[in-house]
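Novice: For the record, the sequence lines run as chains A, D and F.
Heads up, the first sequence stops at 605 in this note's numbering, and the numbers go up one at a time, no gaps.
Heads up, the second sequence stops at 310 in this note's numbering, and the numbers go up one at a time, no gaps.
Heads up, the third sequence stops at 804 in this note's numbering, and the numbers go up one at a time, no gaps.
C-beta atoms are modelled at their ideal positions from N, C-alpha and C, and glycine is treated no differently.
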Amino acid sequence: MSEIVAAIDEGAAQQLFDFEVASLGTMATSGASSLGPFAVTYAVTGMLSNGTIDLIAPGTVRVADLRLDWHIDLSFQLDIGDFIPDIHIPQICVHIPCVGDVCTPKIDIVWPTVSVPVSFGDFVKTTVDLGVAISLVAAIWKVEGVVQGVPNLQFGVATAALLTAIGLAVAAAVGWVPLIGPFVAVLVAAVLAAVGIAGLTGLLGPILTPFISGTRFPITEVPAHFQVLPSAGPFDPAVFVTVDSLGAEVQHNPPEDELVVLADISA
Amino acid sequence: MSLTEAREVFVAVEETALNDLITAVCATRPHLLHYGSPAFVTASSTSATQMAPIPFPGSPGLQWSVELTIPRLDLFKEDMPLPPELSLGPGQFSLATEVRLCVDCAGGREKPQDDPDGHDHDPKEPRDPRDQWPDDRDDWGKARHPVCCRLGVYAVGHLVSTWVGGERAIGFALDDLELVDVEPNALESVLECLLAMILRSVLATLSLPVSALQLDAFTLTPTEGPLIDVNRVLARGDF
Amino acid sequence: MTENLDSRALRNTDCYAQRFMKPGLYPYALVPAGGAGGNGEHPYVVEVVEKSGREDRDMHQTSVSVRFVKERHGECCDERYSDPGRFVPDQERVTVEAGDMVVWNSPDAATRPFAVEGQKEFFGSTALTNECGYTHVFTTPGEHTYVDALGSGLKGVVRVADPQVKDRDGLRAWQSRLGEGTLVMINEGRPEPAEVDIMLGQTVFFAVVTGPGVTITAAGLHS
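This is how it looks when you write it as structure tokens:
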């Protein structure tokens, strides 16, 4: 039997989770990936919130409807010539009275490669199971909830909205290109068809999933050298005990499920 | 039955852990268990608390010391045998310790010291019979003729709610005390009274924050307890 | 989007044409548009010889292609010691007969704007004087008003229609019309016609017969 038992019910676990998730703050990552046929660089921020706690014995904390608000800034290089053909203006001759025919040389309008910046944000909800993990790191006992498996993020409406944002970004990025005006709609349609929903989920999934699966949700921390009393003067130094072992589990103690921390100490 | 019952947070501390906590406090701050006048305690420190000599007419003061061993607690139900005069009831703890009482026996008849802790007066050195209370102020901080005894002490008590450093804590209050094998009975009664007063004062200095009882694992505002259950202290409250 | 209509700053969508009526040597330079960078030298030459053959021989045109060449000397890759580059014609010396025309153009879209600066006053793209011309491919739909940045009062309008290309068939139909050119004659600072309507991507020839020296500059660009 453990010497010290501390337990919280689901209501307290919910309060604890809400506080810890809020403490996580904004997470960020950046890197390179692909968006359909395009190589992209990106910077993403994410923030977790909400989530309803369900304690499930013997060691699972289920978080339902965990919400991830995310924002992505990405940039990709668009070679316009890959989507619409270069324009060839043939030699043009005019007859100038009393002078003769004057001709221009052939002019090739070669489409440039432009950089397309896209900025977009949305949210996604998912349900995850957290396993209770114990570790001793730098003389600190840590009790954390660790995501089990890979959460399946459903983006839904967000992908359509992001495609629209990409289309608008492409149109804005090519606006300066001479002669592009009549071709913007054709270009945007071609780019979006190349990217597609699959391209978006292929980009977003691997980037956003780690915001959830890679997050360790703190439950509690106990120093292995635990201070019982602080120093109270020159003759009253701080008093410590040693936490020899620490464990955590979910117990079903009817009618409740409770998150229980167990410890043994020595003087 | 759930641990938290109608509350959000539950904490339970077995008596072994409670004794570990008390041992840690007393071992780190032994001055809580050792008191003495200047002949026995030259200055207050982490190890001992200096107190004033007992004033008495015609004397520079009676030099004394009291030292207790780290108390060992037993929570209801009784695991540690008690003298028949004491009984451990629900919600109570029992306590066992040893008290060493010393006085500096200045002047008077010389008697051989059979207490190995006492200082021996050289019987070859003559004493002036007129000098019953030699002026030993120059020798303060040094008991010249200590006489000591050790007594086994048993007590029962209950927990009290108190505060330490602005947070809720448990304290220990004495209900009854018993010495073993002191005669005559009247002397035992006097000593029991004296030691009860001493032990109450010592226990008043011993407090354990509620947060320490559960290693600060969760925030707890007690609404139930801390109280002695069966071989453990428990509390329930809000997160 | 702004239409880069300015005869003083030639791009790959522009040509400068000059007819040489008298035999002689006509040195010139290729300078960055705006004038900065010219060193007063005229290293290139148009040599004009007497007409050979028949008097009624048709006017011949010689095309000169201009490129921008980056040059470095001194420490490699150290911008402090390198010359950023210069404009270079594909023929440093062209020989034409009197009455023939030379047309300058840069085929490279990346080439920065340049000007032709002849040693003779009539010879130069920054002031179109006699028997010369400026061509421009219009790349932006809308109504474009042009003026003379040198203040002669010259003014005209080019209306550029959006072909409304929806698909590849529409694209092909539009491309087939790119070979159509429109002529505007400018005599003594007056354009004829003063207003023209063209399709996006088509070319307007501004032929200057004679005048005080004008520019063809989009209103709002002249300064």
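1. Count the other C-beta atoms from every protein chain shown that fall within 10 angstroms of the C-beta of F/ASN686, then say buried if there are 16 or more, exposed otherwise.
2. Give the DSSP bridge partners of D/ARG307, in chain order.
3. Whole-angstrom Cβ separation of F/GLU584 and F/THR707, contact assumed at under 8 angstroms?
4. On the DSSP bridge list, what partners appear for D/LYS148?
5. Using a C-beta to C-beta distance shorter than 9 angstroms, which residues of chain F count as neighbours of A/THR464?
6. Should D/VAL80 be flagged as near chain A, meaning a C-beta pair shorter than 8 angstroms?
7. Alpha carbon to alpha carbon, how far is D/PRO183 from D/ALA177?
8. Select from the region 586-605 of chain F all residues with a C-beta closer than 8 angstroms to any C-beta belonging to chain A, and list them in chain order.
9. If you draw a straight line from the alpha carbon of D/ALA240 to that of A/SER569, how long is it in whole angstroms?
10. The beta strand (DSSP E) with D/CYS264 in it runs from where to where?
11. From A/ASP467, A/GLY419 and A/HIS426, pick the residue whose C-alpha is nearest to that of A/ALA334; which is it?
12. At a CB distance below 7 angstroms, what residues from the region 697-730 of chain F approach chain A? Give them in sequence order.
13. Who are the Cβ neighbours of F/TYR609 in its own chain at under 8 angstroms, not counting the five residues just before and after it?
14. Name the chain A residues that come within less than 7 angstroms of D/HIS102, Cβ to Cβ?
15. Cutting at 6 angstroms between CB atoms, please list the residues of its own chain near F/THR692, excluding the five before and the five after it.
16. In chain D, what lies closer than 8 angstroms to A/VAL359 by C-beta?
17. Are the beta-carbon atoms of A/SER372 and A/LEU541 separated by less than 8 angstroms?
18. Expressed to the nearest angstrom, what Euclidean distance is found between the alpha-carbon atoms of A/GLY369 and A/ILE410?
19. If we require 3 or more residues per run, which beta strand (DSSP E) segments fall completely within the region 341-387 of chain A?
20. Take A/GLY537 and list the residues in its own chain whose beta-carbon comes closer than 6 angstroms to its own, dropping the five residues that flank it on each side.
21. For A/GLU549, report the span of its alpha helix (DSSP H) as first-last.
22. Given a limit of 9 angstroms on CB to CB distance, which residues of the region 431-448 of chain A reach chain F?
23. Just to confirm my understanding: we take A/ILE427, look at its own chain, exclude 5 residues before and 5 after, and list those with CB closer than 6 angstroms. What are they?
24. Between D/VAL251 and D/LEU274, what straight-line distance do the alpha-carbon atoms span, to the nearest angstrom?
25. Between F/VAL795 and F/LEU752, how many whole angstroms is the CB-CB distance? I'm expecting something under 8 angstroms.
26. In the DSSP assignment, find the unbroken alpha helix (DSSP H) run with D/CYS97 in it and report its ends.
27. Three-state secondary structure (DSSP) at A/GLY494?
28. What are the residues of the region 84-97 of chain D that lie near chain A, defined by any Cβ-Cβ distance shorter than 7 angstroms?
29. Taking three-plus beta-carbon pairs below 8 angstroms as touching, is the region 285-304 of chain D in contact with the region 545-563 of chain A?
30. Applying the criterion that 16 or more other CB atoms from any shown protein chain within 10 Å of the CB defines a buried residue, is F/MET682 buried or exposed?
31. For the region 258-286 of chain D, which residues have a CB atom closer than 8 angstroms to at least one CB atom of chain A, in sequence order?
32. Hey, is D/ALA123's beta-carbon within less than 8 angstroms of any beta-carbon in chain A?
Specialist: Working from what's here:
1. buried
2. D/PHE81 and D/GLU295
3. About 19 angstroms separates the two Cβ atoms, so there is no contact after all.
4. None; D/LYS148 has no bridge partner.
5. Under the 9 angstroms cutoff, chain F gives no residues; its nearest Cβ is about 41 angstroms from A/THR464.
6. yes
7. Only weak support exists for where D/PRO183 lies, its pLDDT of 47 falling under 50; the value from the coordinates is given anyway. Approximately 14 angstroms, taken between the alpha carbons.
8. ASN593, THR594, CYS596, ALA598 and ARG600
9. 16 angstroms
10. Where D/CYS264 is concerned, there is no enclosing beta strand (DSSP E), although the alpha helix (DSSP H) it sits in stretches over 256-275.
11. There is simply no residue 334 of chain A to check, as chain A begins at 339 and stops at 605 in what is shown.
12. GLY714, THR716, VAL718, THR720, THR721 and PRO722
13. HIS623, TYR625, VAL626, VAL627, VAL697, GLU698, GLY699, GLN700, PHE704 and GLY705
14. PHE573
15. PHE649
16. Those do not exist, as A/VAL359 stays about 15 angstroms from chain D at its closest Cβ, beyond 8 angstroms.
17. yes
18. 11 angstroms
19. 342-347, 364-373 and 376-387
20. LEU373 and GLY374
21. Before going further, note that residue 549 of chain A is Phe rather than Glu in the sequence given. It spans 522-551 - the alpha helix (DSSP H) in which A/PHE549 sits, taken as one unbroken run.
22. CYS431, VAL432, HIS433, ILE434, PRO435, CYS436, VAL437, GLY438, ASP439, VAL440, CYS441, THR442, PRO443, LYS444, ILE445, ASP446, ILE447 and VAL448
23. ILE445
24. 20 angstroms
25. No, F/VAL795 and F/LEU752 are not in contact; Cβ-Cβ is about 36 angstroms, not under 8 angstroms.
26. 86-99
27. coil
28. VAL84, GLU85, THR87, ALA88, ASP91, LEU92, THR94, ALA95 and VAL96
29. yes
30. buried
31. LEU279, PRO280, ALA283, LEU284, GLN285 and LEU286
32. no
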